[in-house]
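In my numbering, the protein residues as written are 492 to 1428.
Set out below in structure tokens:
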């Protein structure tokens, strides 16, 4: 009886191979095992129906082709020892040839010498009813020196499958595509699950895997890893694409990379450091994939792709491209629609971090779109991506080559992306966020082929300033900009005025294609995209940086601040459109440093170009403290810092100010109505600090008034005035409401809210160290909101803090504190009231330790010829007087002195005044009334 007949009769279903006591003359039973897979018993019976398992104990070898073709029952090659790999070494021309149902489990595959065949370990032509499973196996240093697939070559058709689970390929290589694995899909499926490829390489494409698909479905999933895979630099002129994975889909079939698949430090000597894909139909999906540190010499540091005939790549859900680089397209290089159409979609929180192109365009992405679509959306981020001259597009560089080319980028963030200088070739370098070359005429732009929406840019910079955010090369920059504006085809977070302001002149630029050929860095060739739509030629707000700013025609944006205020505010606002902006638009100047070089600065409103101006410190918050207040020095200037007349509107927020030079008769703030009571000047000072410059103190030189108001509105809130020495004939604040004509008085309204005055000394007999005011009809002085006056002194004048002549209109103090104030008459307040004039002390004002050298330790008030509602009253919650005094040998009214003359007898009410302790005088320790020269106390 022949051996194979005996085997068939016995019904044995497991074959045993061992290097311990095996012999190839045995029947390969458990008691009489074989030593190699070349044993006659194995060759004769391996494809018979009873046999379903081959058990390997420790080590065996194969020196010939072992054909595995049984499709009725799966044949399993498995290690004898559970969960420990046994070794199969391929010798000579040995190879597994699979067409049936086969599974390898817990096997380590090695080679004695490199194979010349495709599939150095295993080749499969798996058709109907066949499948190949490889589980918990490793392929170590497997090589094909003349074919594809250093370890495995598999052709899948007729709904068959190949599945690799928890497999490791280590240092596998091939001279043709597929350093470890080559799969050709005609139909059926291929699944790689938790498979690792370590340092695998090919002399051509696909350092780890080469896939050719005509139909079917392939997945690479569940923590598959490609580490250090590459194309060899053979110098043989062959194509070397896809350092780890080469995908070619000429006919159909989808390939999915999912489940935390990683490509680490893979590289290609030509294109696609990790992946090369040529897709003529169907699509490749990357879902949750990380590509880190991969690079190529020519294009696509992470991936190079050609999409045509409907081919698609979809990248989504937290895909990370980190530190990838190439000459062109640091992460992705893709040609779309060269033949037919194609689509690249990137969405759902993808990130490109630190990717860069070394000497060409597209630090993260470079794409030429002939007929198809590039769509980047849904919270995609480009972070610190760069390109170096002569490249363009620090993050993204795109070529839109036809009207059927579509560019859609939405919901995308560009952070700290840059184009970098190349001193040996300082050309190009345009567009640090996005660079686009388009062949579209302006009339062809619409939201079906071009839409950039909800973009965010922070910290992006282009060398030579040509498009910090976006640069577009087109047939006509002006026409392209108008088409984008008219179709609202570009929207940027925080830039609602993108089309109409020159704040972004360097951020969004373009160049005519006719001027672009030399890569010029001539600023005359680059134009701001939307200049023809600006409502002003000057950025608004305009930032000032004395340290790093530069004064030029367009300075003042956050990227390029102006050095000084004067050139910033004196520029012609007339834009290229020829339509001058309204002078009533608020022009904001924002200080980011002290403007130390603004010598003899004067801001006059109305200005040639502005009626309304705001000056503030950067980061200013009303009433807040979390910002730095910057100083505008003026102590060496002989001219007003601010001059405001009719139509003028000035706001000063969060600024530190000092004074003019001593002994001039001008004012730091000069507010003057010179033309009727319509459009009167308006000034607001909030959260500022006024303090005399220390170099201005002198024993014989004192300061003029700091603020003068002769007709106008002045509002001061939450502001401090400290340590001023005011010259004779001046007060810190001087206000007048005198007449234009005999019938018309200027309207002067001054409000001080939550404002403090400390250590203000006035020399001479002028009166009112803080405020000297004359109030006539329709004018107002209001002091409230817990304002305070401390240590205010008029050395030889009346009214230590306030001197008021009230002939009409009203002065009101509401919740005001006056402490340690002193003057000749009225230690805190001196007032004369007549006609409809009215002085009101309201709601718990406090007068403490005020001193007069004659009469009225706190208040001196004279009433004469009062009419209508005029008069003097203390109302609301009781106002208090404590320790207010005058010389006890002669003074009258320790707290209040009232001089009541004809017409004033009934025009006062001070019944809610509260006199506490310490008030003192010779007559009337608290109060003295002198009515028509008769004392009453």
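Ideal Cβ placement from N, Cα and C applies to all residues, glycine included.
Problem - Whole-Å CB distance - residue 827 paired with residue 858, under 8 Å assumed - result: 6 Å
Problem - Reference residue 1286, options 1326, 785, 1014, 1252, closest by Cα - result: 1252
Exercise for the section: Tell me whether residue 563 is buried or exposed, calling it buried when 16 or more other Cβ atoms sit within 10 Å of its Cβ. Expected result: By the 10 Å Cβ count, residue 563 comes out exposed.
Exercise for the section: Measure how close the beta-carbons of residue 554 and residue 583 come, nearest whole angstrom, since I'm counting them as under 8 Å. Expected result: 5 Å
Practice task
Find the nearest neighbour of residue 921 within the set 940, 907, 952, judged by alpha-carbon distance.
Solution key: 952
Exercise for the section: Over the uninterrupted alpha helix (DSSP H) stretch that includes residue 973, give me the two end residues. Expected result: 968-977
Practice task
Run through the stretch 784-856 for me and flag every whole beta strand (DSSP E) of 3 or more residues, listed as ranges in chain order.
Solution key: Taking only runs of at least 3 residues, the beta strand (DSSP E) segments lying wholly in the stretch 784-856 are 794-798, 802-807, 811-813, 823-827, 833-838, 842-844.
Practice task
Could you tell me if residue 1296 is buried or exposed, where buried requires 16 or more neighbouring beta carbons within 10 angstroms of its beta carbon?
Solution key: Counting Cβ neighbours within 10 Å, residue 1296 comes out buried, since at least 16 surround it.
Practice task
Pick helix, strand or coil for residue 1056, following the three-state DSSP scheme.
Solution key: helix
Exercise for the section: Measure the beta-carbon distance from residue 1279 to residue 1313 and round it to whole angstroms, keeping in mind my assumption that it falls under 8 Å. Expected result: 16 Å between Cβ atoms; not a contact.
Exercise for the section: Take residue 1165 and list the residues in its own chain whose beta-carbon comes closer than 6 Å to its own, dropping the five residues that flank it on each side. Expected result: Within the same chain, residue 1165 has close Cβ partners 1136.
Practice task
Would you tell me roughly how many angstroms separate the C-alpha atoms of residue 1358 and residue 1066, rounded to the nearest one?
Solution key: 56 Å
Problem - For residue 819, the nearest candidate out of 1158, 840, 886 (CA to CA) - result: The closest CA to that of residue 819, considering only 1158, 840, 886, is found on 886.
Problem - Test item: CB-CB of residue 744 and residue 763 under 8 Å - result: no
Handout entry: Straight-line Cα distance separating residue 973 from residue 933
Key = 8 Å
Practice task
Have a look at 559, 574, 556, 1170 and flag the residue whose alpha-carbon is nearest the alpha-carbon of residue 548.
Solution key: 574
Practice task
Report, in whole angstroms, the separation of the C-beta atoms of residue 1487 and residue 1365, which I expect to be a contact under 8 Å.
Solution key: Lying before the first or after the last residue shown, residue 1487 is absent from the chain, which here runs from 492 to 1428.
Practice task
Can you check the stretch 1122-1179 for any beta strand (DSSP E) of at least 3 residues that lies completely inside it and give the ranges in chain order?
Solution key: Listed in chain order, they are 1133-1135, 1140-1144, 1146-1148, 1160-1163, 1173-1177.
Problem - Contact check, residue 664 vs residue 693, beta carbons under 8 Å - result: yes
Exercise for the section: Pick helix, strand or coil for residue 590, following the three-state DSSP scheme. Expected result: coil
Exercise for the section: Pull up the DSSP beta-bridge partners for residue 708, would you. Expected result: Beta bridge pairing from DSSP links residue 708 with 680, 745.
Practice task
Go through its chain and collect everything with a Cβ distance to residue 1235's Cβ below 8 Å, but skip five positions before and after it.
Solution key: 1167, 1168
Practice task
State the start and end residues of the unbroken alpha helix (DSSP H) segment that holds residue 531.
Solution key: 531-536
Exercise for the section: Report yes if the CB atom of residue 1348 is closer than 8 Å to the CB atom of residue 1306, and no otherwise. Expected result: no
Practice task
In the DSSP assignment, find the alpha helix (DSSP H) that holds residue 1102 and state where it starts and stops.
Solution key: Residue 1102 -> no alpha helix (DSSP H), and no H or E assigned at all.
Exercise for the section: Leaving out five residues on either side along the sequence, give the residues of the same chain with a beta carbon under 7 Å from the beta carbon of residue 1049. Expected result: 1034
Practice task
Within the same chain, show all residues whose beta-carbon is closer than 7 Å to that of residue 686, passing over the 5 residues directly before and after it, in chain order.
Solution key: 655, 658, 715
Problem - Backbone CA spacing between residue 1115 and residue 1103 [nearest angstrom] - result: Rounded to whole angstroms, residue 1115 to residue 1103 spans 24 Å at the Cα level.
Handout entry: Enclosing beta strand (DSSP E) for residue 1247 [first to last residue]
Key = 1247-1253
Practice task
Note down the Cα distance separating residue 849 from residue 697, rounded to an integer number of angstroms.
Solution key: 23 Å
Handout entry: residue 611 versus residue 701: straight-line alpha-carbon distance, rounded
Key = Whole-angstrom Cα-Cα distance: 14 Å.
Handout entry: Straight-line gap, residue 1271 to residue 1172 (C-alpha atoms, nearest Å)
Key = 15 Å
Problem - residue 806 and residue 777 closer than 8 Å at C-beta - result: yes
Handout entry: residue 1005 - containing alpha helix (DSSP H), residue span
Key = 1004-1007
Exercise for the section: Please name the residue, chosen from 1391, 1266, 786, that lies closest to residue 756 on a Cα-to-Cα basis. Expected result: Ranking the options by Cα distance to residue 756, first place goes to 786.
Problem - Same chain, Cβ closer than 6 Å to residue 682, neighbours up to 5 away in sequence not counted - result: 654, 710
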